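Data first, discussion second: the structure below is written as structure tokens.
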Amino acid sequence: MQGVISGFTVIFIVVALGYILGRTGVLGEQASSVLSRVVFFVCTPALLIHALATSDLSAVFSSTLAIASATALIIGAVYALLAKFWLGRAVPEMVIGALSSSYVNSVNLGLPIAIFVLDDASFIAPLLLFQIVFYSPVALAALDITALPADRRTSTLKTALVPLRNPILIGGVVGLVISVVGWVPPKPIMEPLNMLGQASVPLALLVFGLTLTGVRVFKKGESPRRDIVLAAVMKMAAMPLLAYAISRWGFGLTGHHLFAQVVIAALPTAQNVLVYATRYQRGEVLARDSALVTTLLSIPVIAVAAVTLA
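Residue numbers (my numbering): 51 to 360.
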């Protein structure tokens, strides 16, 4: 438990520093955008290459992959059904809401929590694999078909190839290939990757703190409050409980591994969902507010998981 408290303290301090930098404007108006691109295109791919190249493949193709996949798909499907038959939402808003309730922030918060709280970054690799290779393409295809007019829709092949342009996926694939072939890259190659990879977590936390400045949620007349509440409840209550049930009784996990699965499920909604919503101009406020609300709720939820399971 002491390690969990220490890990969260480290995370909160760096996030708070990012928030202060955002409030004071020391880094300029484009700081969040520039730093997030550095994390996305450089540091996180380097971290994945180094981590996967030096890890056991069983950590990637493990129970974590099955649990994360099943949990996200079930929660997303339940949200979609409720949004359709209870809230009466159109398909694009259903898709954005389903992602808001089940698509995990695996980079900005997932990696720091895996490193400082779970003490093992390999827990995040299977989640990244599922979300980038399968979940994102399926959601993008659904939005492409339902949210765009026929003349603006991309081809099926182009949609299927979208993940292949993701630098995080490329970094993961490179790391997996190195691990599979059993080749150990020379130190002059691995050391720069390690240096850049180590910068990923603090920069991601700074970016997260920067994004918290100036955001208002539940704005009257603008925010779809029922949708946000539903997404938050599904994400921060139903998803961790479902992950616990599948892990405990489906896979027989106990101890630290059980705790890790619940923590992964309790991570907040990813910023990617807002990117998708903005791209298709549907459900943008829902995606934005869900990300912020679930981020704030994730702190007490993970703390409860730590007290009861860690």
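Yeah, the Cβ is synthetic: ideal placement off N, Cα and C, and Gly gets one too.
It should be emphasised that the depicted structure is a prediction, and the values quoted were computed from it without experimental measurement.
Proximity to residue i [Cα-Cα], best of the options
i      : options                        : result
ILE296 : ALA133, SER119, ARG276, VAL84  : SER119
PHE180 : PHE90, PHE258, ILE218          : ILE218
VAL197 : GLU241, GLU143, PHE184, TRP233 : In the sequence under discussion, the amino acid at residue 197 is Ala, which differs from the Val named in the question. For ALA197, the nearest C-alpha among the options comes from GLU143.
GLU241 : SER151, GLN321, LEU123, ALA96  : ALA96
SER250 : GLY300, ALA101, SER105         : ALA101
HIS306 : LEU149, VAL234, ALA288, PHE173 : PHE173
SER112 : GLY222, THR74, LEU177          : LEU177
TYR129 : ALA66, VAL279, VAL325, TRP299  : VAL279
THR345 : SER156, LEU71, ILE239          : SER156
VAL223 : VAL76, ARG87, THR94, ALA356    : THR94
SER105 : LEU115, SER150, ILE228         : ILE228
PRO187 : ASP277, GLN331, TYR326         : TYR326
LEU317 : ALA192, PRO350, THR304         : PRO350
LEU115 : TYR185, GLN80, GLN248, GLY72   : TYR185
LEU303 : LEU71, ILE70, ILE117           : ILE117
LEU149 : GLY333, LEU77, VAL354          : GLY333
Beta-carbon spacing of residue i, residue j below 8 Å
i      : j      : result
ALA189 : VAL145 : yes
LEU347 : ALA282 : yes
THR328 : LYS285 : no
ARG139 : GLY147 : yes
ILE163 : ILE63  : no
VAL89  : ALA341 : no
LEU107 : VAL230 : yes
LEU359 : PHE309 : yes
LEU8   : VAL110 : Nothing about residue 8 can be reported from this structure: the residues present for the chain run from 51 to 360 only.
LEU85  : LEU324 : no
ILE352 : LEU243 : no
Rounded straight-line distance, which links the Cα of residue j to that of residue i
i      : j      : result
PRO290 : GLY68  : 28 Å
ALA2   : VAL312 : Lying outside 51 to 360, the shown extent of the chain, residue 2 is not represented and no answer is given.
LEU262 : LYS237 : 39 Å
ASP194 : ASN322 : 16 Å
ILE124 : ALA175 : 20 Å
LYS134 : SER152 : 17 Å
TRP136 : ILE314 : 28 Å
TRP233 : SER82  : 37 Å
LEU131 : VAL141 : 10 Å
PHE258 : ARG298 : 32 Å
THR74  : LEU260 : 10 Å
VAL154 : PRO235 : 31 Å
ARG275 : GLN331 : 18 Å
ALA287 : ALA171 : 24 Å
LEU159 : THR59  : 13 Å
GLU79  : ALA191 : 33 Å
VAL65  : MET245 : 21 Å
GLY221 : LEU161 : 15 Å
Cβ-heavy atom distance, residue i to the ligand COA, below 7 Å
i      : result
ALA197 : Annotation note on the ligand COA: not contained in the displayed structure, which lists no ligands.
Neighbour flag for residue i against chain C, beta carbons, 8 Å
i      : result
LEU219 : This model lacks chain C altogether, as it is built from one protein chain only.
Can you give, in chain order, each stretch of the alpha helix (DSSP H) that sits fully within the stretch 74 to 149 and has at least 4 residues?
81 to 88, 94 to 103, 113 to 135
With three or more C-beta pairs closer than 8 Å as the rule, is the stretch 159 to 177 touching the stretch 324 to 338?
no
Mind listing, in chain order, the continuous alpha helix (DSSP H) runs of no fewer than 4 residues lying wholly within the stretch 256 to 343?
The stretch 256 to 343 contains these whole alpha helix (DSSP H) runs: 275 to 283, 289 to 295, 305 to 315, 322 to 330.
At what residue ranges does the stretch 162 to 193 contain a whole run of the alpha helix (DSSP H), taking only runs of 4 or more?
174 to 180
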